[in-house]
Amino acid sequence: MQVSLRLDSECPRAFHLTLLERLAALAHVEVSVDLRPAEGGIPPSAAALFQLETAIHGLSANGLAKRLPLSALAPYQARPPAAPDLVIDLCGDVQREGTRVWRVTYDGAAGEAALLALILDGRTPIGRIEENGTYLAEGRLGTEYGGIALASFQDMLARTASLILAAMTGAARHALPVLPEPAHGNAAPAMPSAAKLGVRAGKALARRVVQKIYHLCYNAPHWKVGWRQTQGQDLLDLRAHPATGWQVLPDDGSRFYADPFPILHQGKVTLFVEDYIHRLGRAIISAVPFGPSGPIGRPEPVLDLPYHLSYPFVFERDGEVWMVPESCANRTVDLYRATAFPGGWVKEATLLSDIVASDATLVEHGGRWWLFATVRDGGGAFSDALHLWSAPDFRGPWTPHPKNPVLIDIASARPAGRMVKRGNDLLRPVQDCRRSYGAALGIARIVHLDLDGMSQVVEIILTPGALWSGRKLHTLNEAGGLEFIDGSAIAPRWKQRNGRRSSTASA
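Quick note: the sequence shown uses our numbering, first residue 833, plus one each step.
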C-alpha cells in the first residue's frame, strides 16, 4: 500500500518523523510525505509559550513537538507516488477524487492549531481518524500534565499516532464510552491571540513559582486511604458515597498510603498498600491486618525493591496468595508468590517485559485469563491507552490482544481496582483522569470481551465531596465486608502525625 502523509512544510516536528517511521515499519506499507505550506498553523507566539514552559518546568527540548529541518524527512520525500492508495491528512486541506483520504480531527477540527486551542481552553479533545464521515478510530486524548500546554500537546500528539496506527491495523474500532455527564460541543475554540498567549505564559511562570513554594511547605501529593464496613452494600450497589462517610488509615506524615488492595485469607482481611516514603521519593508495598474496628497496628513493609512499586494487585489461587504490583519504573509486569503471608514474596515469573504498563489488573473470563493495563504507547500519557493480554493461566504465557490498544480514553481506560462479577455482569472500576491523574472514579460494565475486542459502558462517575474530602478519588476494592478507596490530601511538612489516629475523610 502506498501511503502519503500530508503535513505542513512550515512546521515539521519530531512527531511527524516518528509517525512516518512507525508507518514505514508496518508490513506491506510504503510511506511518502506531502510537504506543502498549510493555512492555520500554530502562531509564533505559541512557540514562545512552549520555550518558556520548557525552561520553567524543566521539560525536555527533544520531545515530539521539537521543530525539525525539512531535511530530516528526506528519506520519505523521494519519488512520492502521483496517486497514493491512501492519504493521511493532518492539515484538513486534501481534496482528491478517486483517492482514499483519512482526515485527523480534534473535536471535529483539523490541524495542530485546533488541538492546541482545545488544550489551552481546558478541553479533553476527542481525536478521530475519519474517512467520508466514518470514524475508523477515535479516542479521548489525555495527559498527566494539565495546565502545561507543551507537555499536554506532546502527549496528545503521541496518542494521535496511536490512533492512526490503530486505524491502519484495524484496532480500536469500538465506539468511545458515553460518559454520564454533559460533554463539550464539537466546535474547537479559536486560537488565542498573541497577547492572550503572552498572558498565559506569564501565568505559567507565576504558577511555577507558586508550585515551588508549595513543595517547600508540603509533602505533595499526599494520598490517603479510606475504609468502611459495607454492611452488605458496597459502592457498586450504592453508586454513591455512603452517608456514613469513610474512616482514614492514619500515617505518620513522613509517608502516605495509596492503592488499597484488601484480601480475605484464612478468614481474616489483610490490606496491602503502596507505602510512599517521602525521603526516598519512591514507594514500597506494605500490609496491615484489619478487624471490624479498623487496622490492627500499622502497615509494615512486605516488598521493597530498588524501584518504585504501587498498585499491589493481590489474589488467591491454587491455595497460594499471589501479587502483581505495578513496576513500570522497571519496565516489567511481574508475578510474586507469598511464602510467609503477608510477607515472604518471591518472584515467580515476569509476565510482560520491556513495557511501561500501569495498574495491571487480572480477571478470569470466558475460559481465559485477561490482563488489563494502560500502556505508554510511543510516549504520551500513562493513563489513556488500554491494552489487553490473554493467557490460559495467570502464570502465562500472555499474548497481546490483536487489536491493542483496545481503548483510547483518558476518562475510562486506566484500571482502578479489581473487576467484580455481579450476576452476568463484569464491573470494572476505572480512573477518570480528564481533570488530572486519578481525579475521579468510574464504574464501567464490560459489554464485550474476547479476541475481537473490548467495549464497556461507564455507568457512574464518583468524585470527592463532603463525604470524601480532597482533590482526588482513585481506587476501589472490597474484601470480607470491608471496602477501601483512596485519594489525595494536603500534608504540611512541619506537621508530623505520630501514633494511630482514627478520623473521617471529611475531617
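Glycine included, every Cβ here is placed at the ideal spot set by N, Cα and C. None of these values were measured; they are calculated from a predicted model.
Task: CB-CB length for residue 1273 against residue 1228, believed under 8 angstroms - done: With a Cβ gap of about 30 angstroms, residue 1273 and residue 1228 do not count as contacting.
- [ ] Evaluate residue 1236 with the Cβ neighbour count: other Cβ atoms within 10 Å of its Cβ, from every protein chain shown; 16 or more gives buried, anything less gives exposed.
- [x] buried
TODO: Rounded to whole angstroms, what's the CA-CA distance from residue 1326 to residue 900? Just pull it up for me.
DONE: Unreliable placement is indicated for residue 1326, whose pLDDT of 48 sits below 50; no coordinate value is reported for it.
- [ ] Leaving aside the five residues before and after residue 1144 along the sequence, list all residues of the same chain whose C-beta is less than 6 angstroms from its C-beta, in chain order.
- [x] 1093, 1104, 1117, 1155 and 1157
Open item on the list: If you reduce the DSSP assignment to three classes, tell me which class residue 991 lands in.
Closed with: helix
Open item on the list: Rounded to whole angstroms, what is the Cα-Cα separation between residue 847 and residue 967?
Closed with: 22 angstroms
Task: Collapsed DSSP secondary structure at residue 845 in the structure displayed - done: strand
TODO: Please go through the stretch 897-955 and give each complete alpha helix (DSSP H) segment of 4 or more residues, from N-terminal end onward.
DONE: 944-952
Open item on the list: Could you check whether residue 1205 and residue 1189 sit closer than 8 angstroms to each other, using their CB atoms as the reference points?
Closed with: yes
Open item on the list: For residue 1112 and residue 1292, I'd like the C-alpha separation in whole angstroms.
Closed with: 37 angstroms
TODO: Kindly give me the distance between the Cβ atoms of residue 1002 and residue 1242, rounded to whole angstroms, as I take these residues to be in contact under 8 angstroms.
DONE: In fact, because the Cβ distance is near 23 angstroms, the residues do not count as touching under 8 angstroms.
- [ ] Can you tell me which of the three DSSP states residue 1017 falls into?
- [x] Per-residue confidence for residue 1017 stands at a pLDDT of 44, beneath the threshold of 50, marking its modelled position as unreliable; no derived number is given.
Task: For residue 1221: DSSP bridge partner residues - done: 1203 and 1232
TODO: Could you say if the stretch 1292-1302 and the stretch 1070-1082 meet the contact criterion of at least three C-beta pairs nearer than 8 angstroms?
DONE: yes
TODO: Identify the continuous beta strand (DSSP E) that holds residue 1147 and give its terminal residues.
DONE: 1142-1149
Task: Cβ contact (3+ pairs, closer than 8 angstroms) linking the stretch 980-987 and the stretch 884-898 - done: yes
Open item on the list: Using a 10 Å radius around the Cβ and a threshold of 16 neighbouring Cβ atoms, would you call residue 1084 buried or exposed?
Closed with: exposed
Open item on the list: Going by beta-carbon coordinates alone, are residue 1108 and residue 1115 separated by less than 8 angstroms?
Closed with: yes
TODO: Compute the Euclidean distance between the alpha carbons of residue 1317 and residue 943, then round it to the nearest angstrom.
DONE: 40 angstroms
Open item on the list: Quick check: the Cα distance between residue 1269 and residue 1289, rounded to an integer number of angstroms?
Closed with: 21 angstroms
- [ ] State the DSSP-derived secondary structure class of residue 887, mapped to helix, strand or coil.
- [x] helix
Task: Straight-line gap, residue 1277 to residue 1135 (C-alpha atoms, nearest Å) - done: 33 angstroms
TODO: For the stretch 914-923 and the stretch 933-949, state whether three or more C-beta atom pairs, one from each stretch, are separated by less than 8 angstroms.
DONE: yes
- [ ] Mind checking which residues open and close the beta strand (DSSP E) that includes residue 1081?
- [x] Looking at the DSSP string, residue 1081 is not in any beta strand (DSSP E), and its letter there is neither H nor E.
Task: Length of the line joining the Cα atoms of residue 1099 and residue 1151 - done: 14 angstroms
Open item on the list: If distances are taken between C-alpha atoms only, which option among 1022, 1007 and 1251 comes closest to residue 952?
Closed with: 1022
- [ ] Quick one: give me the first and last residue of the beta strand (DSSP E) that residue 867 is part of.
- [x] 862-868
Task: Chain-order list of residues whose beta-carbon lies under 6 angstroms from that of residue 959 (same chain, five-residue window excluded) - done: 938, 971, 973, 992 and 995
TODO: Scan the stretch 1095-1143 and note each continuous beta strand (DSSP E) run of 3 residues or more that stays entirely inside, going in chain order.
DONE: 1100-1109, 1114-1123 and 1132-1135
TODO: Drop a sphere of 10 angstroms on the beta-carbon of residue 927, count the other beta-carbons inside from all chains shown, and report buried for 16 or more, exposed for fewer.
DONE: exposed
Open item on the list: For a test of the three-state rule: what should DSSP assign to residue 983, helix, strand or coil?
Closed with: helix
Task: Residue range of the unbroken alpha helix (DSSP H) whose run includes residue 1067 - done: 1067-1070
Open item on the list: Quick check: what's the CA-CA separation for residue 1087 versus residue 1106?
Closed with: 10 angstroms
Task: Buried versus exposed call for residue 1128 [16 or more other C-beta atoms within 10 Å across all chains shown] - done: exposed
Task: Within 8 angstroms, strictly: CB atoms of residue 902 and residue 850 - done: no
Open item on the list: Would residue 1248 and residue 1261 be called neighbours here (beta carbons separated by less than 8 angstroms)?
Closed with: yes
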